[in-house]
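As structure tokens, the structure follows; a few thoughts come after it.
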Amino acid sequence: MASAIKIYQFINLSNFNTVEKLMTLMKTSVKNKIFTSITPARLLLVDDHPMIRRGLKDLLNLEADITVCGEVNHGEEALYFLSKYDVDLIVLDHNMPVLNGIETLKKLRELQIDTKVLLFTVSDNIKDVHDALELGVDGYLLKDMEPEQIIYDIRRILRNELVISPALAPILAQAVRKPAKNELNFDLTERELQVLYMISDGMSNKMIGNKLGIAESTVKVHVKHILGKIGLRTRVEAAVWAVNHLKNHQSK
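Sequence positions in the sequence shown follow my numbering and run 1216 to 1467.
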């Protein structure tokens, strides 16, 4: 775990005076913060490393619009916690005992728990990224990020944006490196275009169904037709393809 995880630095007494660092971050947070009467977003931290949880909790609790309402060691404990309490965002590690991050995410989807999920991990494995996106993760961030960037990206996720670490761009590019139709001559219906745009915005099948007023099973049929017409295999590839093609075309 010596993998340059900067959250460690937040609480590492050997690197700097912890109190001084906390005061500096608090001053920065207060300076940049817009105080509102809105109830803070409730976050659940799921990580088997107490030091990571402690550092992340201390960092996030400096923000007026974010509060850590719970912390657990692995996915099974997270599922139990979620059966008792409501949260707005789960910050989920991947490499954990009992249930890892991907397994936990899959279980959440099977149980139809719609809470937003951020996979916060050291893994840049292409299969992990692909599997997480296929399961509708709301964010995939690597643990070597700067603390300020982590807070910024968490707020983006809470605003319903799909957030991916910039370092993962080459991995996502690899996902669409296979041949695909590049021109807008693939005869998508108006509904299929709507679905494709929503996929590119990071919306899950259930969210798309709710937005369009159709069943989730119908959305899955549309996705299947879209993939066949474009010449891709997964909705992840379709999302990346849409960002590179449809949105560029729309802006012309």
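Positions of the beta carbon are idealized from the N, C-alpha and C atoms, including for glycine.
(1) Please say whether His-1309 and Thr-1330 have beta carbons closer to each other than 9 angstroms?
(2) DSSP three-state call for Lys-1331: helix, strand or coil?
(3) Comparing C-alpha positions only, which one of Glu-1376, Leu-1260 and Ile-1379 sits nearest to Leu-1307?
(4) Run through DSSP, which three-state label would Ala-1189 get?
(5) Tell me whether Leu-1172 sits in a helix, a strand or coil according to DSSP, three-state version.
(6) Please give me, in chain order, every unbroken run of the beta strand (DSSP E) with length at least 3 that falls completely inside the stretch 1316-1366.
(7) Could you compute how far the alpha carbon of Asp-1303 sits from the alpha carbon of Leu-1323?
(8) Should the stretch 1269-1282 be called in touch with the stretch 1343-1356, which here means at least 3 C-beta pairs below 8 angstroms?
(9) Where do the ends of the beta strand (DSSP E) carrying Ala-1256 lie?
(10) What's the gap between the Cα of Asn-1315 and the Cα of Lys-1426?
(11) Could you tell me the boundaries of the beta strand (DSSP E) in which Gly-1285 lies?
(12) Decide if Arg-1448 is buried, meaning its Cβ has at least 16 other Cβ atoms within 10 Å, or exposed.
(13) Does DSSP classify Ile-1253 as helix, strand or coil?
(14) Can you tell which of Val-1438, Ala-1453 and Ala-1382 has the C-alpha that lies nearest to the C-alpha of Arg-1406?
Here's the rundown:
(1) In this structure, His-1309 does not lie closer than 9 angstroms to Thr-1330 by Cβ.
(2) Of the three classes helix, strand and coil, the one that applies to Lys-1331 here is strand, per DSSP.
(3) Looking only at Glu-1376, Leu-1260 and Ile-1379, the smallest Cα-Cα distance to Leu-1307 is reached by Leu-1260.
(4) Residue 1189 falls outside the range modelled here, since the chain spans only 1216 to 1467, and no answer is possible.
(5) Any property of residue 1172 remains undetermined from this structure, which presents the chain solely from 1216 to 1467.
(6) Runs found: 1331-1336 and 1354-1357.
(7) Distance between the alpha carbons of Asp-1303 and Leu-1323 is about 14 angstroms.
(8) Fewer than three pairs of CB atoms, one per stretch, sit closer than 8 angstroms, so the stretch 1269-1282 makes no contact with the stretch 1343-1356.
(9) It spans 1256-1261 - the beta strand (DSSP E) in which Ala-1256 sits, taken as one unbroken run.
(10) Straight-line Cα distance between these residues: approximately 31 angstroms.
(11) Looking at the DSSP string, the run of the beta strand (DSSP E) that includes Gly-1285 is 1281-1287.
(12) Counting Cβ neighbours within 10 Å, Arg-1448 comes out exposed, since fewer than 16 surround it.
(13) Collapsing the DSSP output to three states places Ile-1253 in coil.
(14) With distances taken between Cα atoms, Arg-1406 lies closest to Val-1438.
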